[in-house]
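Structure, as structure tokens:
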Amino acid sequence: MRGVWRALPGCFLLATIAHAREETAVPVPEPYRMLGCRECHAGPWRAGPEAAAPQFPRSREWNLAHLFDPRSVLPGSIMPRYDALFEPHPREAEVRAALEGDVDGILTRAEHGGDWRALLARLDADGDEVITAADAAPRPGAAAKAILAYVMQAAPPPPAVASPPPPPARSPAERLEAAKRGRGLYLLHCAGCHGERADGNGPAARFFRGVRPRGFLRGEYRFKSTRPGDPPAAGDLFRTIRHGLGAAMPAWPTLGDGQVWDLVDYLHALHPLHEEGRWKEECEPRPIEVGAEPFPASEASVTRGAALFREFGCGECHGAAGRGDGPAAATGRGSYGELVRPADYSKGLRGGGDAPRLVRLFLAGVQGTPMPSYRGNFADPADAWHLAHFVQRQAAAR
Amino acid sequence: MRKTILLLPFAALLAGAVAAAPGLPLLAPKYKEIPVAGGGTIQGVVKIDPVPAVAEFAVGKDQQTCHATKPNHRLSVDGETKGVGSAVVYLEGIEAGKALPSGVTATIDQKECVYSPFVTVVPAKSDLGFTSSDPILHNVHVFEGDVDNPHSLKRDVFNSAMKDNKVPRQTLEARDLRKPALFFVRCDAGHVWMSAYIWVVDHPYYAVTDSKGAFELKDVPPGRYTLRFWHPGWTATPQESDGQVTGYSYGAPLQHSASVDVTANGTTKIDWAMPGG
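Taken in sequence, the protein lines are chains A and B. With this note's numbering as the guide, the letters of the first sequence map in order to residues 1 to 398. With this note's numbering as the guide, the letters of the second sequence map in order to residues 1001 to 1277.
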């Protein structure tokens, strides 16, 4: 019936009124109705997806940037800017002024081109405080927050995380062609956060608190199954793109497998250890093989894991209860010199909490962060599994 | 260039940036090993004048192992001679000379929460590893940097935890030791004053000054060269957050160039007086 209404000129208004009476599973907040969101996102126009549709990216940061300036994250969008729903940050002028001066030891102006990344770790010469880009991003007002909350809550349940399909066999020349296609997809979907120059500095990046969007040119990846210093496996990147990371990086369920593999080839091509469609000598990613979980998480295993947690000094950063508040937690820095907080397990285990993944993480470390590889520290290989069981117990005890 | 196709129109910008990047010369001609008979010697001392007063580091953690304060190890000056240790002295751009030593093994230890040695120079394709003599958690975090900016954190190369002094020696990957590079090392386990530097070099005419500031380069083919001096500097500005020192921001390294003539079987003496102000 809606189609009929749409086809008849002048009936849009009636159709919109009819839609306004529809109820959704999550109550629609007033701003979403009054500011015209439903006109396009639920009305007969259907210019954009419904809030409950799977292709609506479920990332708080992405949605803030999209509301502020839709074309910054979605080139070609016809949605108007809702920047009036945001308040400028009181420190914005100060932060802009900081760009004109020398950024202490991290990036010179010639390198960052006067953009927000330079603010990531600017340290006042007197050691007063760290200014980050999030300190000066426009702040959402009440209406923007209500819209954001609605969009995030209206999400359908995410599909189960499946193992990635095997990557297509491609010659180096085919990989370069795929990388070019991937570049096109990247500009359309990814550049809003990750930047047109793949440096983690897109227009949406300033809405990020703490962890920034990844800058791919450095070739550093946190969530991978390969040995320390090795590039990520193709399957690791597929999994991140397809399923997201449960935080700022959303899932992209509407991209086809072929499109995701094209993006993977593009990311590989940007990696410093990749050249002309293949990995450089000795730089092939080597997976960390840990095998299946050899024994379940019994009380004895968890108790042994607790002793290892103390012996290995995990609590120095992660805190005795895994809240990310240990004595060294405040000093951790990432690759841009930015302060990095250790994981707080009470918020869940990002990227998956199964024991094999945790053991791989202990052995790989998390590249680009203070979390080191504990290879060489496990006198008994079973200890890695005991430690994994203890960490799972900490995460469950929220 | 991997980026020329894939990041248009920034290809030109990136290509220019790579070629002009300061640091170890990426495009230097490959060093040729030739027999050197009757080579000369370059000797000298690196001194500092006046000797600056350098504040100690405050130790906020693990004081039973690290002690309550730490002298600033980045500047080590001999009391009598004013000689400065841990300065790197090298011939810039030498194209042919004696063979690079092979089969070299170097180890950097962590003792009482300080890396020892502070500055290490190893030939390419050597074996470089880390040990710990401390019964507490350290992690050895190695980043690639540049000669002019060792703290540029260009690449996260290596990060290995060492929970105590029983962990076996952990080595860098061979692929990271194949080409000339400069590495900066730090600890993330709250020991924010720890720092070390590693040079991977592709010719053997490098020396690190000893505790009296002395260096010697032997078997140099006669000729005129540019001798370069490099010291990582000692200024360390504390970065604070909530009243806690969360790290140190180091200044640029001190560098110096001198033209040197080497004669057959002769000894050329050349010193560097580092500005201490």
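We put the CB at the ideal spot given by N, CA and C, even for glycine. Owing to the predicted nature of the structure, the values given are computational and were not obtained by experimental measurement.
Apart from sequence neighbours up to five positions away, the residues of its chain that approach W1234 (chain B) with a beta-carbon distance below 6 angstroms are V1054, N1072, R1074 and L1075, ordered along the chain.
DSSP, reduced to helix, strand and coil, places L245 (chain A) outside both helices and strands of the structure shown, so it counts as coil. Counting along the chain, Y32 (chain A) sits inside the alpha helix (DSSP H) bounded by residues E30 to M34. Taking 8 angstroms as the cut-off, the Cβ atoms of H1141 (chain B) and R1186 (chain B) count as close. When only Cα atoms are considered, V1220 (chain B) and A320 (chain A) end up about 58 angstroms apart. Here G326 (chain A) has G315, E316, C317, H318 and G319 as same chain residues with Cβ atoms under 6 angstroms from its own Cβ, once five neighbours each way along the sequence are excluded. When beta bridges are read from the DSSP output, V1114 (chain B) appears opposite B:K1111.
For the C-beta of S72 (chain A), not a single chain B residue is nearer than 7 angstroms; the gap to the nearest is close to 19 angstroms. Across the region 300 to 317 of chain A, CB contacts with chain B closer than 8 angstroms involve E311, F312, G313, E316 and C317, in sequence order along the chain.
Bridge pairing for I1042 (chain B): B:L1217 and B:T1268 [DSSP]. Boundaries of the beta strand (DSSP E) around T1246 (chain B): Q1244 to Y1250. Contact with chain A is absent for E1144 (chain B), since none of that chain's Cβ atoms lies less than 8 angstroms from the residue's Cβ. DSSP, reduced to helix, strand and coil, places R310 (chain A) within a helical segment of the structure shown.
For E1173 (chain B), the neighbours in chain A by C-beta distance under 7 angstroms run, in chain order, G229. The C-beta of L339 (chain A) comes closer than 8 angstroms to at least one C-beta of chain B.
Interface residue (Cβ-Cβ distance to chain A less than 8 angstroms): F1158 (chain B) is classified as such. Against chain B, the CB of E282 (chain A) has a partner CB under 8 angstroms away; the residue lies at that interface. For I1198 (chain B), the enclosing beta strand (DSSP E) starts and ends at S1195 to V1201.
With the criterion set as a beta carbon lying under 8 angstroms from some beta carbon of chain B, the members of the region 358 to 377 of chain A are G365, Q367, G368, P370, M371, P372, S373, Y374, R375, G376 and N377, in sequence order.
The alpha carbon of A1207 (chain B) has as its nearest neighbour, out of B:V1121, B:D1062, B:E1144 and B:G1223, the alpha carbon of B:V1121. By the neighbour-count criterion, in which a residue is buried when 16 or more other Cβ atoms sit within 10 angstroms of its Cβ, L188 (chain A) is exposed. Non-local C-beta neighbours of K280 (chain A) in its own chain, meaning closer than 6 angstroms and more than five positions away in sequence, comprise L273, ordered along the chain.
Annotation for L361 (chain A): the continuous alpha helix (DSSP H) segment containing it runs A355 to A364.
The beta carbon of E220 (chain A) sits closer than 8 angstroms to some beta carbon of chain B. When only Cα atoms are considered, A1106 (chain B) and N63 (chain A) end up about 51 angstroms apart.
Straight through space, the alpha carbons of Q1063 (chain B) and A1273 (chain B) are spaced by roughly 36 angstroms. H1256 (chain B) has B:F1229 as its beta-bridge partners, per DSSP.
Using a Cβ-Cβ cut-off of 7 angstroms, R1074 (chain B) is close to nothing in chain A; its nearest Cβ partner there is about 15 angstroms away. With 16 or more other Cβ atoms inside 10 Å of its own Cβ, E220 (chain A) counts as buried. Under a criterion of Cβ atoms nearer than 8 angstroms, the residues of chain B adjacent to G332 (chain A) are, in order, D1188. Closest in C-alpha terms to S298 (chain A), from the list A:A233, A:R357, A:R139 and A:L387, comes A:L387.
Classified as buried, A343 (chain A) has 16 or more neighbouring CB atoms from the shown chains inside 10 Å of its CB.
By the beta-carbon neighbour count (other beta carbons within 10 angstroms, threshold 16), T1209 (chain B) is buried.
In this structure, B:V1084 is the residue among B:V1084, B:A1058 and B:E1056 with its C-alpha nearest to the C-alpha of I1048 (chain B). Only those residues of the region 1240 to 1254 of chain B whose C-beta falls short of 9 angstroms from the nearest C-beta of chain A are listed: E1240, S1241, D1242, Q1244, V1245, T1246, G1247, S1249, Y1250, G1251 and A1252. Between the region 258 to 265 of chain A and the region 177 to 192 of chain A there are three or more C-beta pairs closer than 8 angstroms, enough to call the two in contact.
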